[in-house]
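Here the sequence shown is numbered in our numbering, starting from 1 and rising by one per residue. Here a beta-carbon is modelled for each residue, glycine too, at the ideal position from N, C-alpha and C. Note that the coordinates shown come from a computational prediction; the quantities given were computed from them, not determined experimentally. Single-structure report; data block below.
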Amino acid sequence: MTMMRISDADGKIVYSTDDPRGSTVSIADREYFVRLRDRPQLGLLISPPLTGRLSGKAVIALVRPLQAADRSFNGVVVASVPLDYLENILIDRFAEPQGYAGLIDTQFDWVAAQPAAAATPPLLAALRDAVAHSPERGTFVATDQGGEHLVAYARSGLFGFYSVVGQPAVAQLAEWRRKALNGVVGMALFALVTALLGWLLGRSWKQQAETTARLIEREDWVRQAQQIGGLALFSCDLESGVFTVSEALYAITGTDAGYPHTWSGWLALVHPDDRQALDRSFAGVVAGGQAVPGVEYRIVRSLDGSVRWLKSFAHRLTEAAGRRQTITGAVVDITEQKRDEEALRKSEQLFRGVFDNSAIGIATTTADRRWLQVNQALCELLGRRREELIGEDWLDLTHPDDRAANLVLLERAVAGEIDTYEFEKRYMRSDGSVVDALVAARVLRLPDGRIDHFVTLIQDITARKQAEARLRQSEAELRVAFEQAAVGIAFVAADGRWLSVNDRLCEIVAYRRDELLGLRFQDITHADDLESDLAEVRRMLAREIDSYRQEKRYIRKDGRVIWVNITVALVWNDDRSPKHFVVIIEDIDARIKAERESRQSRELMRSFLDHLPGLASIKDSQMRFVHGNRGLQEQLNLTHGQIVGRRNSELFPGAFGETLTALEQRVLASGQTEVMELSYGTTRYQTTKFVIPWTDGTALLGGIALDITRRSQLEERTGALLALNERGRLLPDRELLLHGLEMAEKLTGSMASFLHFVDDDQERVELSTWSAAAQRVCSAAFDSHYPISRAGIWADCCREKRPLVFNDYPRQAAKRGVPEGHTPLQRLISLPVIEQGRVRMIVGVGNKSTAYGDFDVETVQLLSNELWSIVRRSRAEAALARRLAEVTELKDKLEQAHLQLLQSEKLAAVGQLAAGVAHELNNPIGFVYSNLGTLAEYVDDLLAIDAAFGRIEALQSATGGTFDEVRGLKAGCHYGDLIEDLPKLIRESKEGLERVRKIVLDLRDFSRVGESDWQWADLEKGLDSTVNIVWNELKYKADVERVYAGLPQINCLASQLNQV
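As structure tokens, this is what we get:
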């Protein structure tokens, strides 16, 4: 009824009960084989009903995996149980009316269907005793309700249950058997009894024994089916309606023995949608006695609410007498089968979807090269319709150069040498073009080893081939790039050896290629950088990182250390072992030096900014702080990190921050530098904002703020002093003093001030001036003078001759001398103005809201000194004005006399000069005049000779050309005009010289040099000489008519009189 087979790890049957030498049948495609091959830990499996490949019958296969010595999968053991045997086994088991059979577990409880009479305590007790003596198998006689049965049992070594079969026996033999079993001879009597029974019962007993053995074997398989494959047995007594079930049914339904063992109780477990169909099938069995071929339905497990699929087989049994009817059947859990069927359906659907929609060509072909099935991708690849390919020989489409190689692989597959092959070939398309393809074929064989068909995957690799060609070209180009790259490139072994280097790397490290290939990168790496480099290498080898980049130092062959930037990647072999490192080395020595210099510049700039006397900052284009110097940090009481990244509104909330932001926005927008004075708290700053062009095209905003509080105060004080000095020339003394006190109050922030003069005796104070603010709150009456001896500490400055400051005046023990009604003092500065060792003036300011400082004292002192200077100057100027009036009167008189003296001296100097000139001119005029006289005489003689010559010329005129040359010369020089003008020129020259001589004489008479005494002089002559001297000035302005009345000589200083 069953068949046992053993397969190897490939699914080939190596042993079969019907043919111990094995067969050619393969079970490699059976689902149970695939599952156990992939998951041997599943242990025993039971298959859903399937058709046996040898018997052709419906069977259920019980399968267990086999393991090799190394615990790897080594095949399976398969037991096939006919499905009709399982359906009818219970009928066969109860074929004998008085016999019974069943399965009992190790607790001696019935777990399979059995007659109710069999489950009696005497039988179970006898079985316990028998098992205690013989655990594996045996027989005994049991007494049951007055009858005796010969009982045989056998233990399943796989599952531990007992198959029990009982048959009626004659009373004598049963009694004798019982005594024999209890005798001391034990197993010897058992053998004797067995032989005796065989002799007495003959052939009938032999048949019973064979039946019993078959029943035991079959029960063993049934039990295994129940335990392994979710198979449960049941029976229903139609008279009582009570169901008897096996333990396996409880496990399937998730119930226990407490649930109602009735048909209605069973229907309660069935899924509502399946109850009606199942109830009709059961009713048909009850009514018609027809066996149920198999009903599939669902139940809802009460244990967890899950739904499981079941399949039931049932048959109605009737006893021979017709008095008792029983429904006997089996229940199989087919949930996994249903799931597998659904998975198979989805898998087939998926396969069809993959086949039809795959991007690569898929086909099934025959052993004689015919296309069976082709998908659309293959049709497109070959440029042909599906109907053009089906049934055709694929070799016709193969490129002639590739056919031979293809046929060799096909023949090897047909011969059984290989089951798969893969190679590249070319197909010829319908348009005449050639396409490259990667073909992968697998042989699918029938159980007898014959080829069923080929499954072939055909992938268009034309693009890949083209890419490979491009890749080869790229590799060639890469080699050129490797050798000619502007950076160093190298392949390095896992132990650091240089495997391949380019020329640029050799240039960087100054080694020849052959020298470098004999070294490791560790040999030229700077010692301080080696460990960090090796740490990254170890991380790459441990697959923690894929690559790394690092700046390090190499030691060149010439000993010079250079900085490089390396980028390292690791290439792995197919076996996941490291192949080599790819290293790109960039010479960054110049950049490192530049960065070092840049850092030094930045440090220098930072140090410079930190040592600036003010606040300095740099902001980005969004007006966020990039840098703030130490002064800014101290001013804000923040660290550099707390300043960077923040805006004005965060550091300077309020109006000051808004003003600063508006200024910076203007500067960024215009690009022009702006200077503005701003006050922050009690400090005044001169803020300069300017744009700093940055290398990336953006603009940074620079700012420098200098503390000009002191300067502003000095400027304000200087301005006040200048204004005070200017007003000092315009204001009366009292108004000036009031103005000065008001300035002192303003510059020091005081609420009151006073100014008093000190008498020359240094004993009394002239109470002079109080400011308007002091007068408003002060009602004290004062005399004009106040004794210093009565004054309090405010006058100590006079006694000590130094400025005094009281910032807590009410607490001063020595305060006194302030009259009633005087302004209450809280703080006070009192200082003296000292001149030539004496105190001239006392000035005080008081009641500032904060403490007075040295600058306040200095300010009041300067104002006081300036006031005293102005007052003193004013007083001096008044005295000087009086003295000036006296001196002016004397000056006028002296000035008149001085002018007269100056005129006399001027005239004397002019006369002396004129006399010298006249003397000097008179001598040359004399000899010129004498020479002209002599020249006149000579001319007269020459003219006489010329006249005589003229007469001779006239006499010779008739005689010819003797005087023609003379006549020509005379005509050329205008001889007649020359003779006429020559006397005139001499005469006029003598007249001019005479006139000059006369002017010289008049000048000598005008100057009268050396004549300092009174003497008689002719006035008319003096007038003529004077007119002659000044005639050059007069002749263009007036006509002078000289009419003298004949004045007599007078006694005078002639030189002075002429000059008047």
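- The beta carbon of Val691 sits closer than 7 Å to those of Val667, Leu668, Gly671, Ala699, Leu701, all from its chain and outside the five residues before and after it, given in chain order.
- In the three-state reduction of the DSSP assignment, Trp309 falls in the strand class.
- Under the DSSP assignment, Val1040 falls outside any beta strand (DSSP E); it carries neither an H nor an E label.
- Ile461 and Asp436 do touch by the CB rule: their CB atoms are close to 5 Å apart, below 8 Å.
- The segment 528-544 makes no contact with the segment 498-518; the number of CB pairs closer than 8 Å stays below 3.
- With a 10 Å radius around the Cβ and a threshold of 16 neighbouring Cβ atoms, Tyr938 comes out exposed.
- A distance of 8 Å or more separates the beta carbons of Gln635 and Ile643.
- Taking a C-beta distance under 8 Å as the contact criterion, Val285 and Ala314 qualify as a contact pair.
- Going by beta carbons, Leu317 and Thr335 fall outside the 8 Å limit.
- Secondary structure of Tyr259 (DSSP, three-state): coil.
- Around the CB of Lys425, 16 or more other CB atoms lie within 10 Å, so the residue is classed as buried.
- If you look at Tyr250, you'll find it in the alpha helix (DSSP H) that goes 247-253.
- Residue Ser830 holds the alpha-carbon nearest to the alpha-carbon of Val845 among Val839, Leu615, Asp854, Ser830.
- Just measuring C-alpha positions, the residue of Thr366, Ala58, Arg39, Gln67 sitting nearest Ile6 is Gln67.
- Straight across, the Cα-Cα distance linking Trp572 with Ile555 is about 29 Å.
- Assigned with DSSP and collapsed to three states, Met743 falls in helix.
- Residue burial annotation: Asn357 is exposed, with fewer than 16 other C-beta atoms found within 10 angstroms of its C-beta.
- Taking a contact as a CB-CB distance under 8 Å, the pair Ala494 and Leu541 counts as one, their CB atoms being some 7 Å apart.
- Here Pro1048 is exposed, its C-beta having fewer than 16 other C-beta atoms within 10 Å.
- Here Gln337 is buried, its C-beta having at least 16 other C-beta atoms within 10 Å.
- Relative to Tyr548, the option among Ile585, Asp610, Met428 whose CA is nearest is Ile585.
- Taken atom to atom, the span from the alpha-carbon of Cys236 to that of Gln325 is near 9 Å.
- In terms of CA proximity to Leu231, Ala251 leads the group Ala885, Ala251, Ser869.
- Ranked by Cα distance from Ile390, the first of Leu942, Trp371, Leu615, Lys893 is Trp371.
- Following the DSSP letters along the chain, one finds Phe581 inside the beta strand (DSSP E) bounded by residues 578-587.
- Going by DSSP, Lys12 is part of no alpha helix (DSSP H) at all; its letter is neither H nor E.
- DSSP, reduced to helix, strand and coil, places Met751 outside both helices and strands of the structure shown, so it counts as coil.
- One alpha carbon belongs to Ala61, the other to Arg339, and they sit about 18 Å apart.
- Leu612 and Ile704 do touch by the CB rule: their CB atoms are close to 7 Å apart, below 8 Å.
- DSSP places Asn648 inside the alpha helix (DSSP H), whose first and last residues are 648-651.
- Taking each of Asn931, Gln522, Arg497 in turn and checking the Cα distance to Asp514, the smallest one comes out for Arg497.
- Distance from Asp419 to Arg442 at the Cβ level is roughly 6 Å; contact confirmed, criterion being Cβ atoms closer than 8 Å.
- Collapsing the DSSP output to three states places Ser712 in a helix.
- Following the DSSP letters along the chain, one finds Asp401 inside the alpha helix (DSSP H) bounded by residues 400-414.
- For Pro787, same chain residues with a beta-carbon under 8 Å away, outside a window of 5 residues either side, are Glu763, Arg764, Val765 in chain order.
- Considered as a whole, the segment 517-581 harbours 547-555, 561-572 as its complete beta strand (DSSP E) runs of no fewer than 3 residues, in chain order.
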